[in-house]
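Below you'll find the structure, written out as structure tokens, and then a few comments.
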Ligand SMILES: Cc1cc2nc3c(=O)[nH]c(=O)nc-3n(C[C@H](O)[C@H](O)[C@H](O)COP(=O)(O)O)c2cc1C
């Protein structure tokens, strides 16, 4: 199996809460799937581009960055996404990546009746997120980070979606460490089933 790990926090790994969760997940995953190949895509290091006019025009002609990125995305069987919540949603760079891979004819198509059909079928995704604060109901209704990824991945055909979100990571460092350690087993369990 080919696994793509998409990292959306700009922080160095040892300072990033969302990466720390992903690291624990990947360590457990590799233990259980030693033959699988996990490739890391650090969006900030790789400098993910935003879709501009030129990129868009190229895509209408079936060439360019959108086609290349979407085709590359489709080579994988499983996706691990780590992301912080930013302004109730995901960092713009992760949205920019989604814009590059959501491409008609590669990750989705329209039926004759104009109904969208996802083409990334049979694949799996796990979203590992962190949030500075807490979002119990009804605040959960305004938390769009994981929900956006869940539904855009469903749009491209990926129905097998799991998530884990660590909240309150911006409380005191001691509490955050405790909070992380309290939840480590949940993350590992998720990794064993992925
Ligand atoms: C630009 C920015 C916007 C943020 N917006 C939110 C927010 O809307 N809600 C929230 O709970 N935390 C927010 N935070 C806090 C981050 O979610 C928190 O620091 C993050 O989960 C840490 O993840 P990281 O260390 O992997 O970057 C924001 C942080 C930044 C830098």
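In UniProt numbering, the protein residues as written are 1 to 194.
All C-beta atoms, glycine included, are put in the ideal place defined by N, C-alpha and C.
Can you name, in chain order, every residue of its own chain whose Cβ lies under 8 Å from the Cβ of residue i, other than the five neighbours on each side?
i: residue 116; result: 108, 109, 110, 155
Please return the same chain residues whose Cβ sits closer than 6 Å to the Cβ of residue i, not counting the five positions on each side in sequence.
i: residue 83; result: 8, 18, 90, 94, 129
i: residue 157; result: 118, 119, 120, 121
i: residue 16; result: 9
i: residue 44; result: 10
Report the three-state DSSP secondary structure of residue i (helix, strand or coil).
i: residue 75; result: coil
i: residue 108; result: strand
i: residue 50; result: coil
i: residue 165; result: strand
i: residue 116; result: strand
i: residue 61; result: coil
i: residue 38; result: strand
i: residue 7; result: strand
i: residue 89; result: strand
i: residue 2; result: strand
i: residue 138; result: coil
Among the candidates the options, whose CA atom is the shortest distance from the CA of residue i?
i: residue 54; options: 16, 66, 87, 47; result: 66
i: residue 97; options: 27, 178, 41, 175; result: 41
i: residue 12; options: 3, 2, 23, 4; result: 23
i: residue 60; options: 86, 50, 87, 104; result: 104
i: residue 79; options: 29, 177, 178, 180; result: 29
i: residue 150; options: 32, 161, 194; result: 161
i: residue 92; options: 163, 71, 50; result: 50
i: residue 102; options: 71, 112, 123; result: 71
i: residue 100; options: 112, 58, 132; result: 58
Tell me which same chain residues have a C-beta within less than 7 Å of the C-beta of residue i, skipping the five on either side of it?
i: residue 135; result: 143, 167
Which residues share a DSSP beta bridge with residue i?
i: residue 84; result: 130
i: residue 125; result: 79, 161
i: residue 31; result: Residue 31 pairs with nothing; no bridge assigned.
Mind reading off the beta-carbon distance from residue i to residue j? Whole number of angstroms is fine, and I expect it under 8 Å.
i: residue 159; j: residue 77; result: With a Cβ gap of about 14 Å, residue 159 and residue 77 do not count as contacting.
i: residue 153; j: residue 21; result: Incorrect: roughly 18 Å between the Cβ atoms, too far for contact.
i: residue 187; j: residue 132; result: Actually they are not in contact, since the Cβ atoms of residue 187 and residue 132 sit about 19 Å apart, beyond 8 Å.
Please confirm if residue i has its CB atom under 7 Å from at least one CB of chain C.
i: residue 89; result: The structure shown contains no chain C, having only a single protein chain.
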